[in-house]
Amino acid sequence: MPGNPNEIKLVNNAMSNATRRKIMNFLVDGDRSTEEVAEAAGKTMLDFHLKLLQQANLIELGDGTVRLSEYGRNFLKGKEEKDTQKNTDLSQAKPVEIAEIRQLLPCIADSSKFRVIANMTPPLGGTLKVLEPLFPRGRYSDKINALIMQKGEVLTTVYGTGKVTMTMIKNESEAREALESLRSIINEAIAKGVAPAPREKVRVEPMELYKYLPQTNCGKCGEQSCYTFAIKLMSGETSLDKCTSLKEPKYATNQEHLQVLSAYI
Ligand code: SF4
């Protein structure tokens with residue numbers, strides 16, 4: 001049974017991908033043939049996904065069959081209990097009454113676009129964590145108590161303090177629209193009083209990761225090219241911190257995007 005940090009990392013990596021979570025949930029009702037799994041979860045990279053789940057000791061592969069391991073079954077049961085507990089947490093949340101823009105600054109990554117600083121009142125505090133499933137590309141960070149969301153080129157960060165930042169915004173009217181849409185999605189969930197159910201995250205492809213890498217092929221990460229680095233990020237063979245070029249200020253926004261995306265590999 002996984003227990004040491006490396007084994008836990010394998011499990012976290014295996015379960016961070018929507019296709020692999022789909023496979024796990026599909027196996028809850030019993031053993032399946034590989035063909036049935038392919039039909040339910042898709043054939044693309046199926047061998048790769050099954051291999052990662054097997055390496056994490058979550059499934060067992062037989063002769064053309066796939067089944068949950070005992071650890072995999074217990075893991076899903078524990079997760080379900082945690083999700084049920086989380087679902088009660090929105091009852092005390094207050095809706096966002098005011099969402100207003102404070103500043104429009106040139107974007108670091110592209111000076112023709114804007115970085116927007118805004119504010120939401122009252123601040124959402126710890127409620128943010130519960131709201132994460134509302135956003136297909138959303139990631140809650142305990143470290144900074146913020147919910148970071150990606151939609152196309154726009155990266156939005158909502159902090160527990162009420163501060164909101166948005167990058168790569170075209171103009172003030174787009175900023176207002178994005179802020180108002182955010183406010184109404186959050187308020188709708190709060191009005192229901194129950195946290196949104198976890199939903200399938202949008203799949204990440206290597207080309208999407210590559211798009212946000214510096215694309216200089218400098219080799220500092222030990223890989224021949226940025227695209228190879230993207231492929232190895234997908235397979236869990238490398239980590240984002242190996243690309244030291246991303247630490248340069250001009251890549252700050254790219255790094256934020258990659259951090260959000262890498263949570264869904
Ligand atoms: S260190 Fe970063 S920029 Fe350089 S090759 Fe690797 S991924 Fe590309």
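When we follow full-length UniProt numbering, the leftmost residue of the sequence shown carries the number 1, and every step to the right adds one. Virtual Cβ for every residue (Gly too), placed ideally from N, Cα, C.
Mind checking which residues open and close the beta strand (DSSP E) that includes P106?
98 to 106
Are the beta-carbon atoms belonging to K51 and A40 less than 8 Å from one another?
no
CB V11 to CB F26, shorter than 8 Å?
no
Can you round the beta-carbon distance between N146 and L128 to whole angstroms, since I take them to be within the 8 Å contact cut?
The sequence shown places Ala at residue 146, not Asn. Sure, about 7 Å apart at Cβ, within 8 Å.
Rounded C-alpha distance that separates L209 from H257:
9 Å
Mind the definition here: the segment 67 to 79 touches the segment 105 to 119 only if three or more C-beta pairs lie below 8 Å; say whether that holds.
no
If you reduce the DSSP assignment to three classes, tell me which class F135 lands in.
coil
Using beta-carbon positions only, say whether L155 and I148 come within less than 8 Å of one another.
yes
Considering just the uninterrupted stretch of the alpha helix (DSSP H) at M234, what are its terminal residues?
226 to 235
Assuming contact is defined by CB atoms lying nearer than 8 Å, are residue 272 and A14 in contact in what I supplied?
Residue 272 is absent from the structure shown; the chain starts at 1 and stops at 265.
Going straight from the alpha carbon of G219 to that of S225, what length do you get?
6 Å
Run through the DSSP bridge pairs and tell me what E60 is partnered with.
R67
I'd like the span of the beta strand (DSSP E) that includes Q150, first residue to last.
146 to 151
Comparing alpha-carbon positions, which option in T157, F48, K192, I190 lies nearest T253?
T157
Let me check understanding here. Comparing Cα to Cα, which of T161, S141, K211, K192 lies closest to Q92?
K192
Which residues in the same chain as P122 place their Cβ atom closer than 8 Å to its Cβ, once the five residues preceding and following it in sequence are excluded?
K94, V96, E97, G162
Just to confirm, does G219 get its C-beta within under 7 Å of one of the non-hydrogen atoms of the ligand SF4?
yes
Based on the DSSP output, what are the partners of A118 in its beta bridges?
I101, V164
Please report how far the alpha carbon of I190 lies from the alpha carbon of E100, in whole angstroms.
19 Å
Tell me whether L155 sits in a helix, a strand or coil according to DSSP, three-state version.
strand
Is DSSP giving S33 helix, strand or coil here?
strand
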